[in-house]
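Below you'll find the structure, written out as structure tokens, and then a few comments.
Number of protein chains: 2
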Amino acid sequence: MDVNDVKVLLVDDEADVLDFMKYNLEKEGFWVYTARDGMEAIQLAKKINPHIIILDLMMPKLDGIETCRELRTMQEFKNTIIAFLTARDEDYSQVAGFEVGADDYITKPIKPRVFISRIRALLRRMESHSGVAKLNVGGIEIDRERYLVIKDGQEITLPRKEFELLNLLASKPGRVFKRDEILSKVWGNDTIVGDRTIDVHIRKLREKIGEDFFKTIKGIGYKFDA
Amino acid sequence: MDVNDVKVLLVDDEADVLDFMKYNLEKEGFWVYTARDGMEAIQLAKKINPHIIILDLMMPKLDGIETCRELRTMQEFKNTIIAFLTARDEDYSQVAGFEVGADDYITKPIKPRVFISRIRALLRRMESHSGVAKLNVGGIEIDRERYLVIKDGQEITLPRKEFELLNLLASKPGRVFKRDEILSKVWGNDTIVGDRTIDVHIRKLREKIGEDFFKTIKGIGYKFDA
DNA sequence: ACTCGGTTTAACCATTGCTTAACACACTCT
DNA sequence: AGAGTGTGTTAAGCAATGGTTAAACCGAGT
Numbered sequence: 492m493d494v495n496d497v498k499v500l501l502v503d504d505e506a507d508v509l510d511f512m513k514y515n516l517e518k519e520g521f522w523v524y525t526a527r528d529g530m531e532a533i534q535l536a537k538k539i540n541p542h543i544i545i546l547d548l549m550m551p552k553l554d555g556i557e558t559c560r561e562l563r564t565m566q567e568f569k570n571t572i573i574a575f576l577t578a579r580d581e582d583y584s585q586v587a588g589f590e591v592g593a594d595d596y597i598t599k600p601i602k603p604r605v606f607i608s609r610i611r612a613l614l615r616r617m618e619s620h621s622g623v624a625k626l627n628v629g630g631i632e633i634d635r636e637r638y639l640v641i642k643d644g645q646e647i648t649l650p651r652k653e654f655e656l657l658n659l660l661a662s663k664p665g666r667v668f669k670r671d672e673i674l675s676k677v678w679g680n681d682t683i684v685g686d687r688t689i690d691v692h693i694r695k696l697r698e699k700i701g702e703d704f705f706k707t708i709k710g711i712g713y714k715f716d717a
Numbered sequence: 492m493d494v495n496d497v498k499v500l501l502v503d504d505e506a507d508v509l510d511f512m513k514y515n516l517e518k519e520g521f522w523v524y525t526a527r528d529g530m531e532a533i534q535l536a537k538k539i540n541p542h543i544i545i546l547d548l549m550m551p552k553l554d555g556i557e558t559c560r561e562l563r564t565m566q567e568f569k570n571t572i573i574a575f576l577t578a579r580d581e582d583y584s585q586v587a588g589f590e591v592g593a594d595d596y597i598t599k600p601i602k603p604r605v606f607i608s609r610i611r612a613l614l615r616r617m618e619s620h621s622g623v624a625k626l627n628v629g630g631i632e633i634d635r636e637r638y639l640v641i642k643d644g645q646e647i648t649l650p651r652k653e654f655e656l657l658n659l660l661a662s663k664p665g666r667v668f669k670r671d672e673i674l675s676k677v678w679g680n681d682t683i684v685g686d687r688t689i690d691v692h693i694r695k696l697r698e699k700i701g702e703d704f705f706k707t708i709k710g711i712g713y714k715f716d717a
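Heads up: the sequence lines are chains A and B, in that order.
Just so you know, we're using our numbering here: the first sequence kicks off at 492 and counts up by one.
Just so you know, we're using our numbering here: the second sequence kicks off at 492 and counts up by one.
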């Protein structure tokens, strides 16, 4: 995932800490939102749906632990990366932190280099985690681990190429993939296959998943849409 | 996108804040417009079609939140970056701000360095997100990624050549494209087609998008205009 | 070596959309 | 007014593109 698409929600009651983190993350191209306490954080998180949430432990109204526990009860934040911000010496809190579902903790004082690389590490983890996992689009669930598709509760198993083609198209619903783009991403840059190969696979997919999902853009390529 | 092509609309009722921001942005090469209240901002925005709008929260006539809500209802500002300007302690407004479709908020007092980098971050996001993909002109949205045109909320799909022609003309609204320029850009430098080919495609576009958008300049070519 | 999915090819068909040609119209210049 | 130039309109033919099907191919596992 491109850094420019990654939303980070920073939560701390100290304005200067917030600014410092925000400045450093934005310099790297992250998309940064901030909140001053747990309540505000939850409100904001519901609106913007961040990829990563950094929670200070000590906060008024709702502390980090409680905020995290709260967030984890909500379906939409099951796969969100949550990290705690903690003063070096209060590391007893780690235990409690992981208990409520934190993914990492970061110690204050924050050093820019370390902080950024930590965030990047979290990001990588997120990608390998939910990236491989499942993808839900238009009533269809694509399970990348098990190479199968679930539609109306029915498990549909797909051969490799068909699955990869579906996976590519469904990764950006609505977006048109050019034929040569499809070829290079599914078949590889060097392999040479006939013109009709893509069509045949599209046909198989339409047969198995449904006609309507795959739209042809003549002269350009195909798109997946609900 | 080059900074010199980026139009920023600043909206604040305090003249000195306005000047300060304007000075700093212009020094960086941005193209800056200003308005003193929400009404004026909307009027001006419709004329200049800015890429980024910075709205102060507290304004006479129409406050930032309302202005933003208003702007977001208009098709042409669906993809415009809108950020709020807010005093540090009134940041509860974030929640309301994001609710009406804001992309970011910037806290006063403004520090030039931070301000500029924030604007650049907004710009990066705009580009990586929808910058190249979508194009909004005169109430019409051209989505290059999905290969479709949206007018009055209606999705219109166009055949390849028609889409490319529209795309060319709409890329610089108001500017006249000579017939041979159109030929070389849409049909390619070498292909030779008859005189009436362009006209027919223009006709199709007028049929589907609307008569008024395509103006004929006799003896020269065509232009797209709202 | 045979079988069986899965993948690719080839041949043919169907459809779309591009281009043309013919004519109508509008405008300008003499 | 009439010729001349450039554009608008229409329908029809044609070429490009994608859809369909069956059969050939390929490779892993038996």
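Backbone N, C-alpha and C define an ideal beta-carbon position, used for all residues, glycine too.
Beta-carbon neighbours of residue i, restricted to chain A and to distances below 7 Å
i       : result
F485(B) : One cannot answer for residue 485(B) here, as it falls past the ends of chain B, which runs 492 to 717.
V684(B) : Simply none; closest approach about 16 Å.
A526(B) : By Cβ distance, chain A contributes nothing, its closest Cβ being about 26 Å from A526(B), past 7 Å.
A574(B) : Those within 7 Å of A574(B) in chain A number zero; the least Cβ separation is about 12 Å.
Distance, residue j Cα to residue i Cα
i       : j       : result
Y638(B) : D504(B) : 41 Å
R609(B) : K652(A) : 43 Å
V628(B) : D595(A) : 46 Å
I597(B) : I544(B) : 12 Å
F606(A) : E655(B) : 46 Å
G701(B) : G520(A) : 40 Å
P600(A) : D496(A) : 27 Å
T525(B) : E557(B) : 18 Å
M549(A) : K518(A) : 26 Å
I708(A) : F668(A) : 9 Å
I693(B) : A717(A) : 31 Å
A661(B) : T688(B) : 19 Å
E567(A) : A593(A) : 15 Å
C559(A) : L546(A) : 8 Å
D528(A) : E531(B) : 35 Å
G555(A) : G679(A) : 46 Å
F704(B) : W522(B) : 27 Å
L501(B) : M512(B) : 8 Å
N570(A) : K695(B) : 48 Å
L657(A) : P650(A) : 11 Å
Y742(A) : M565(B) : Only positions 492 to 717 of chain A appear in this structure, which leaves residue 742(A) out of reach.
K625(A) : G644(B) : 31 Å
I641(A) : G685(A) : 30 Å
Q534(B) : V591(B) : 19 Å
P664(B) : L659(A) : 34 Å
E561(A) : I573(A) : 12 Å
F715(A) : K706(A) : 6 Å
V499(A) : L614(B) : 17 Å
V677(A) : R670(A) : 10 Å
According to DSSP, residues forming a beta bridge with residue i
i       : result
Q534(B) : None, per the DSSP bridge assignment.
N627(A) : E632(A)
Q645(A) : K642(A)
I597(B) : L576(B)
I708(A) : G712(A)
L614(A) : Per DSSP, none; premise fails for L614(A).
V499(A) : V523(A), I543(A)
Residue environment, residue i, which counts as buried when at least 16 other CB atoms sit within 10 Å
i       : result
E632(B) : buried
D690(A) : exposed
E636(A) : exposed
T577(B) : buried
F589(A) : exposed
I683(A) : exposed
I711(B) : exposed
A612(A) : exposed
D507(A) : exposed
I673(A) : buried
Y713(B) : buried
M617(B) : buried
Interface partners of residue i on chain A, CB under 8 Å
i       : result
R609(B) : E517
Cross-chain neighbours of residue i in chain B, by beta carbon under 8 Å
i       : result
K714(A) : R637, Y638
Y596(A) : By Cβ distance, chain B contributes nothing, its closest Cβ being about 25 Å from Y596(A), past 8 Å.
Under 7 Å by beta carbon: chain B residues contacting residue i
i       : result
W522(A) : R616
V667(A) : E636, R637, Y638
G710(A) : R651
9 Å Cβ cut-off: residues of chain A touching residue i
i       : result
P603(B) : Here the premise fails: no neighbours, minimum Cβ distance about 13 Å.
A661(B) : Those within 9 Å of A661(B) in chain A number zero; the least Cβ separation is about 18 Å.
A578(B) : Those do not exist, as A578(B) stays about 12 Å from chain A at its closest Cβ, beyond 9 Å.
A532(B) : Simply none; closest approach about 23 Å.
_Give the list of continuous alpha helix (DSSP H) stretches no shorter than 4 residues that lie fully inside the segment 658-692 of chain A._
670-673
_Ranges of the alpha helix (DSSP H) found wholly within the segment 510-584 of chain B, counting only runs of at least 4_ = If we require 4 residues or more, the alpha helix (DSSP H) runs fully inside the segment 510-584 of chain B come out as 529-539, 555-564.
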